[in-house]
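Undergrad:
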Amino acid sequence: MCNLSEYVWEQGIQAGIQTGREEAKRTIVEKLLGTGLVSDEVIMEAAGITKEELEKIKNPLILNDL
């Protein structure tokens, strides 16, 4: 099993190379959510996002400012 921080770093680099910064954040969050092994706090720290941003990624159908 690989080191989680190495995994996050590698996934972030790959996402950053392939897409813009916002997509890189989304990719990191989606990959970490997919593992089911880390808490929301770890995901937020790894992706450099707030709780609100995490919730928007987890629940993309929520409309902003209705």
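Sequential numbering of the sequence shown, starting at 1147, is according to the working numbering.
For each residue, glycine too, the CB sits at the ideal point set by N, CA and C.
As the structure is a computational prediction, the values presented were derived from the model and not from experiment.
#1: Kindly indicate which residue of Ser1151, Glu1168, Gly1180, Lys1177 has the alpha-carbon position closest to the one of Thr1196.
#2: By a C-beta neighbour count over all protein chains shown, 10 Å radius and 16 as the cutoff for buried, is Lys1171 buried or exposed?
#3: Please classify Leu1178: is it buried, with 16 or more other beta-carbons within 10 angstroms of its beta-carbon, or exposed?
#4: Am I right that Met1190 and Leu1200 are in contact with their C-beta atoms under 8 Å? What's the rounded C-beta distance?
#5: Taking DSSP as the reference, what is the three-state secondary structure of Gly1180?
TA: Well, looking at it:
#1: Numbered from its first residue, the sequence shown carries residue 1196 at position 50. For the set Ser1151, Glu1168, Gly1180, Lys1177, the Cα lying nearest the Cα of Thr1196 is the one of Glu1168.
#2: Your numbering for residue 1171 matches position 25 in the sequence shown. Counting Cβ neighbours within 10 Å, Lys1171 comes out buried, since at least 16 surround it.
#3: Taking the sequence shown and counting its residues from 1, one reaches residue 1178 at position 32. Leu1178 is buried by the Cβ-count criterion.
#4: Translated into positions along the sequence shown, residue 1190 becomes position 44. Translated into positions along the sequence shown, residue 1200 becomes position 54. At roughly 5 Å, the Cβ-Cβ gap stays under 8 Å, so Met1190 and Leu1200 are in contact.
#5: Looking up residue 1180 in the sequence shown gives position 34. Gly1180 sits in a helix when the DSSP states are folded into three classes.
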